[in-house]
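In order, the protein sequences belong to chains A and B. Mapping of the first sequence onto my numbering: position 103 corresponds to residue 87, and the numbering continues sequentially without gaps. To convert, take the position in the second sequence, counting from 1, and add 55; that gives my numbering. Every residue gets a Cβ at the ideal spot worked out from N, C-alpha and C, and that includes glycine. Here's the structure, in structure tokens; my notes come after.
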Amino acid sequence: AQSVTQLGSHVSVSEGALVLLRCNYSSSVPPYLFWYVQYPNQGLQLLLKYTSAATLVKGINGFEAEFKKSETSFHLTKPSAHMSDAAEYFCAVRSSMGSQGNLIFGKGTKLSVKP
Amino acid sequence: EAQVTQNPRYLITVTGKKLTVTCSQNMNHEYMSWYRQDPGLGLRQIYYSMNVEVTDKGDVPEGYKVSRKEKRNFPLILESPSPNQTSLYFCASSLLLARTDTQYFGPGTRLTVL
């Protein structure tokens, strides 16, 4: 079975500091991985996705993630945090069992950005 | 504008009173899904549908029903709501051409069952 683990339910950074949100996956087949962002009182919005075309994936709002097969990781980074980045971030893997559509989500990491 | 819509956005009800949360998408997507989001648990899938008249259980289907009579609509039905179904609910849709297809989410429905 596939799964994702997000390390740290809360991460706090200062404005302008590096953002690093961790995601490790478990999959017996090549995974398809996604990062979604949820701003307060809103639905989920896709940040980026790994589709095996390139290991370094660039997304919206300056975020990027690197797929590392040897570490089974897909950590999300942004060089310089902005106040508007405060949100909850979810890592997800696409299920290979049964429906091709099912996403399996991590428990989320809430990012706070201090002025 | 391509979107997934949900109604209502907020709902307070009482135990046992049947309710329906509607979900509609205008992208001609085959796949639709319902999730619930609870603090510390992330999103958990309730039911999903791969096309009209094709539905299947997700991870937490107990107490919920769905139907898919039309491609664009995927209502979530709680026939006898209980307080443990108080949660934030999201509908999502995507194409089914490839596992890389993006899943689009609605704005959410916050349900409180008293």
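Listed by chain order, chain B residues near A:Gln26 by CB distance under 7 Å: Correct list: Pro162.
Closer than 8 Å at the beta carbon, the chain B residues around A:Lys91: Gly95, Leu96 and Gly97, listed in chain order.
Partners in chain B for A:Leu30, counting only beta-carbon separations shorter than 7 Å: Against chain B, a Cβ distance below 7 Å from A:Leu30 picks out Thr157.
Neighbouring residues, chain A, relative to B:Phe129 (Cβ below 9 Å): Using a Cβ-Cβ cut-off of 9 Å, B:Phe129 is close to nothing in chain A; its nearest Cβ partner there is about 12 Å away.
Assigned secondary structure, A:Ser(-4) (DSSP; H/G/I helix, E/B strand, else coil): Note: A:Ser(-4) maps to strand in three-state DSSP.
Residues of the stretch 61 to 75 of chain A with Cβ closer than 8 Å to any Cβ of chain B, in chain order: Listed in sequence order: Phe74.
Residue-chain proximity (A:Asn8, chain B), Cβ-Cβ < 8 Å: At least 8 Å separates the CB of A:Asn8 from every CB of chain B.
Helix, strand or coil at A:Glu55 according to DSSP, with G and I counted as helix: When secondary structure is reduced to three states using DSSP, A:Glu55 falls in the helix class.
Ordered list of beta strand (DSSP E) runs contained in the stretch 72 to 126 of chain B, each at least 3 residues: 74 to 80, 86 to 93, 97 to 106 and 109 to 112, all fully within the stretch 72 to 126 of chain B.
Contact test: B:His84 Cβ vs the ligand GDP heavy atom, cutoff 7 Å: This structure simply doesn't include the ligand GDP, nor any ligand for that matter.
Within chain B, the residues that A:Tyr23 reaches when beta carbons sit closer than 7 Å: Within 7 Å of the CB of A:Tyr23, no CB atom of chain B is found; the nearest one sits about 11 Å away.
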